Amino acid sequence: MKVSPKDALLAKSRRRGFALIVALALMSFIFLLIMSLTTLVRLESQVSATSVEISRAQQNALFGLRAAIGQLQEMAGPDQRVTGTAGLVEGLSQPLHANWTGVWDVSGLNPHAAFTEPAVAGWLVSGTSTSGGSLEPGSTVKDPILLVGEGSVAEPDDQVQAGRVAISSEGEETGHFAYWVADEGVKAKVNLNDPHRRASSGTNEEKRYSLMSAQRFGVENISTEASGGGKKIGEIITPTDETSEAELLRLASVNQLGVINSELDPVRKYRFHDLTTYGKGLLTNTAQGGLKKDLSLAFEMDLSDFNANDAFAAAGESVPNLSAHRVNYLFAFDDFGSPRPAASDALARGPTWHLLRNYYRLYKNDDPDRNQSYKTGHPRGVESSGSGYKIEARPYFPNPPNNGSKTGSVTEGYYFAGSDPVARAQYTNKSGANVDLARETDMPINPIVLREQFILSLETVLEQEAVAANEETGTPRIPAKYRLNMKIAPRISIWNPYNVKLEFDSMVVNLVHTTIKTSINVEKGTNREYELSNMLNGQNISLILTAAGGGKTTLEPGEIVIYAMSENTYMPASGTLESACHPYGGPIAELPGILFDELDLDDKDNNNHVLIVEDDENILISGETGTFMQSFIRLGRSVGGSDEIRDVHAGRLKASNVITWPPDGTAVTLMDLDADGLLAVPLPIAVMDTYLKPASDNEPVQFLTHYNPRASHFRRSTGVMEEEDLGEGPVNPGNWSFSLGELSSWNDGSIPTAGSWGDDNETGHTHVVLFEIPTLPMQSLAGFQHVNNVTHYAQQPAYPIGNSYANPYIDRESLSRTISATNSGKTEHYTQLDWSYLSNEALWDEYYFSTLVPRADLGMDDSDWNAFVTGFANGTYGLSNSRIRLLPGAAPADFVETVLGSSGGNDIDADAYEQVAASLAVDGAFNVNSTSVEAWKALLSATNGIDVSYLSGGGGSQSTASSQDNPYSRLSLPNDRADRPWTGFRALTEAQIEDLAEKIVEQVKLRGPFVSMADFVNRRLADDDTGLKGALQAAIDETTINNDFSSKVNSSDLSSYNIPFVDHAVGPIESGATGYLRQADLLQTLGPVLSARSDTFTIRAYGDSVNPVTGAEVRAWCEAVVQRTPQYVDNSNRPEDTPGTPLSADNERFGRRFEVVSFRWLGEDQI
């Protein structure tokens, strides 16, 4: 069909219109595309700009992190620094600053002077005060910012504020940084476990490790919400069951607790400042700088290496006739107060290192050290006895010559310490030569004479029958005639105060007793008095104590046994006493007198006449004591087929002091007797009783706090005397009773048939264990509290190390006091020292026990050193103190070589004890400057739920008390179950733990910061209450934990005693009982994991970037965990080098290197 032109034109027009529409559409699309591209470019530019700002903010946050690390390195890198939070600051008015971390410089402090606050090195937080000065926790922060806010903590007072520091570029602020450093050491580490607690299927030894040192934190006692609020963690999970324990060990952060159980989620905010999953403490010396020294390796190494060591022996003093080796001392002290000892070179020396070493090594039955030529026949260490242990009794070494003379010939190393062994370096021997006076190298282990009774009784021997009256002849009745004898029956109570059986062949108690000045009045019409003034007048009575039936004597742990005489003998008395009760046995003394009838005399010694009485005469007897009393013991034991007797002065009551009964010298009527009817049995009339006072007795000085029943010397006592009369006149030791009293029958309660002591010495405990012989390698320095002869005199503490009470004879601001007195025209000096303070100062910062010793519970002994050390380095074996860990990065082969030398045998390298700390750390070491009650609660609950092995039934066999609540014990192997005051251990309730934690924090705030571990353990040299006792003891005494021990000694009770500082001696009488919780009992378990500083810190840093045009701000946060390492920042010094080496300038300033061990970015919601 033909198309018309018109239609063609219309069609053509339509095609052109469509093209226009398409063109317009394309143009719109292109415009839209261009606009989109423009927007995209603009957005990309904006994103790019924002990324730049974010990057800049992050860089600023990292700059803040680096600034924090730099400040931390300079302030806390050196060893002689302590750390803590601003909670230590008194009257802090800024709660947002309470968790700032402070660093104090403790170098150059004098521990023998009054305490002075250490210099604050600085606060580990950014910002300055509004005045531009140095920042203090009480200051107002300039340009503050929250680094710990609602995203981290639940309570407003737990938030942390720091100051922003501006960053400028070409004169314009382009951003800011801020940081805060958190101290992880003041928190309880939640991801620790006790690998020994489930040893029920294993050995008793391994179960005991859980009591010997804190293997974990008891986080089950932590509150999940505000302190004391909400559930305890232990109410939600059981941290000690296998499942929960494994989950806790896997935690990388406290924030993950909610993953274990959703009910635990609040913990991450409420316990932000109390719990951590980080933290290792280096084994460094806070007081003097340098690495701590390992006493495990020092005391385990060969004796020849030990003797060659300057610190322990070689640089010390010679010992007469003790082979070639010398001895050195735990401390030497010459900073005497006034008056000084007489000698210009007077030097007070602490216990010898050999004494401490030989005590430690008592756990070894077959110790080669005891086979030295100068210790011929010296007894072995403990040996297994059933499920318990036993040990042979022994004297201290060196001990006195056999003749007991302090000026006698010095043979075989036996000698006697002179008049003032504390501050005297020499004495003059028999030949007139000055001889070095060494202190003991072995402590005595022997029974203690607990009681000496002499029972006086009368017996009559019929000499002539009565003749009846004859009425027929008028002959009157002739009375019967009796010879009157006085019997003196000795009864000696001896006590094994140790946790092991004590065995000996025989024991001799030498008694130089008071004169029994007895007057006999025979009444028949007129009184006739016959004075018997020489009865037992100063005679030296030797009483040999043996087992009934013969053989060795074995005393069970804590056992008290009465020995009595089974045979009648005539005076003078020396005899054998058996461990059985023979009430009538004893020596007979025929009473000398005047014959008052025609009877022939029975004159046994041609000097004295017997006293004859008739059956109708009444007898009145009066008695009084005379000049003095003393006793000492000797141990007899078989050596090489012969009996060797050595004097042991530990049982000596007096040397030359007068005991008078009654004190005023007035005779006392004992009993009116009728002579008729005395034939059946001897009639008891009196008992002369000398005994160590139990708690129920009148006015004893605090037992074991200020009195040592094992002391070698009782020369000076807490007696009733004036200071100027020292050495003369009557003196009664405060803890001993001397009396002469009436008896009415053999059933009188004052003549017990079984030995007892503690609450009472007649009806008290038959077994009382107070001191420990090591049966396993030691783990805690507080275990040295059981070493005897650390102190010399009886009026010194029985447990000096680990405790710190003010000495009643020394001003609390001082450490020594010298007493001078004239005795028989000769001036004598007597030096009192604060043994606790000086011993603690020497030990607690410089030494530790690594427990790197082959474990007996694994069947290992001294032949397995290489296997055990290699196994520990490879992770096969753990240590008995599982908190001691090999540092990450320590090469196992290098560690083994450090310990055992390049030869790789079983011998410890002589330098290993000084070097091994460079490879070790304490996992979760706890800083004693912590002011967190919750963290202290967790620490104090470290033993919660463990099984406790104890001796049962007094027989030395072991039993187990299962799942105990927070047990603490003075003994690693207690003598009984929990809460038996004189025989058991303590188990603390949750309420008691919380109360104690609160009281400890009060002491930390009162005394802190503690400038060293010794400062924490010791009392302060101050005239206020901090000078009376250590911080832990003060905290304990502020609780009700020991309230069951109600008997106290008051100042009025001591008014007649020669105690110059009576307020130092008041307190609970029973403070030495094992059920009485003391500071050293806590330190026995907690001490190995404590420190006065922290080595792990968390840094939270902030950075922002500010747009100079718009002023817009972009912010970033990061967090890093940093750990101090043993290596110095400048590796030109070795880790074991000390500030006196000397160190390089950089190492003096910056100390040991910090390293970042963890890093993460944080979101704003996490702040």
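Numbering-wise (UniProt numbering), the sequence shown opens with residue 1 and increments by one.
Every residue, glycine too, gets a C-beta built ideally from N, C-alpha and C.
Remember, it's a predicted structure, so these values are computed and weren't measured experimentally.
Item, Value
"The stretch 61-68 touching the stretch 1098-1116, judged by at least three CB pairs closer than 8 Å", "yes"
"Within the stretch 1012-1083, ranges of the beta strand (DSSP E) (whole runs, at least 3 residues)", "none"
"The stretch 979-997 in contact with the stretch 1092-1101 per 3-pair CB rule at 8 Å", "no"
"Reduced DSSP secondary structure (H/G/I, E/B, other) of A119", "strand"
"N-terminal and C-terminal residue of the beta strand (DSSP E) that M565 is part of", "I560 to M565"
"Coil, strand or helix - Y208 by DSSP", "Here residue 208 turns out to be Arg, not Tyr, going by the sequence shown. Reduced to three states, the DSSP call for R208 is helix."
"Segments of 3+ residues assigned as beta strand (DSSP E) that fall wholly inside the stretch 263-335", "280-282"
"Reduced DSSP secondary structure (H/G/I, E/B, other) of E1155", "strand"
"Whole-angstrom C-beta distance between Q796 and A711, which should lie under 8 Å", "7 Å"
"Three or more C-beta pairs below 8 Å linking the stretch 963-980 and the stretch 761-781", "yes"
"Helix, strand or coil at Y363 according to DSSP, with G and I counted as helix", "helix"
"Distance, D1023 Cα to E934 Cα", "32 Å"
"Which of helix, strand or coil DSSP assigns to A67", "helix"
"Closest by C-alpha distance to G127, when choosing among V916, H196, P118 and T140", "T140"
"Pairwise C-alpha distance: M860 and G904", "17 Å"
"Cβ-based burial, F31 [other Cβ within 10 Å; buried from 16]", "exposed"
"R451, DSSP secondary structure in three states", "strand"
"Bridge partners - D811, DSSP secondary structure assignment", "For D811, which the question treats as bridged, DSSP gives no partner whatsoever."
"T763 burial status per 10 Å Cβ neighbour count (16 or more: buried)", "exposed"
"Beta carbon of S932 nearer than 8 Å to that of D274", "yes"
"Residue from L887, P1142 and F1061 whose Cα sits closest to the Cα of G281", "L887"
"DSSP three-state assignment for I801, whether helix, strand or coil", "coil"
"Unbroken alpha helix (DSSP H) run spanning Q992, endpoints", "E990 to R1007"
"P684 - partner residues in DSSP beta bridges", "S457"
"Straight-line Cα distance separating I685 from E459", "11 Å"
"CB-CB length for A86 against G102, believed under 8 Å", "6 Å"
"Contacts around E722, its chain only, beta-carbon distance under 6 Å, and the 5 residues preceding and following it disregarded", "Residue placement at E722 cannot be trusted, given a pLDDT of 39 that sits under 50; the coordinates are not used to answer."
"As assigned by DSSP and simplified to three states, the class of P777", "coil"
"Whole-angstrom distance between T284 and L264, CA atom to CA atom", "36 Å"
"Cβ pair M1013, T116 closer than 8 Å", "no"
"Cβ separation of L456 and K501, assumed to be a contact under 8 Å, to the nearest whole Å", "Incorrect: roughly 35 Å between the Cβ atoms, too far for contact."
"Nearest to F926 (by Cα), restricted to the options S919, N1107, W936 and A917", "W936"
"Beta-carbon separation (whole angstroms), R197 vs I1099, contact threshold 8 Å", "R197 to I1099, Cβ: 35 Å. No contact."
"Span separating the alpha-carbon of Q161 from that of L147", "6 Å"
"Which listed residue (G875, P854 and E74) has its alpha carbon closest to that of E206", "P854"
"Extent of the continuous beta strand (DSSP E) run through T174", "E172 to D183"
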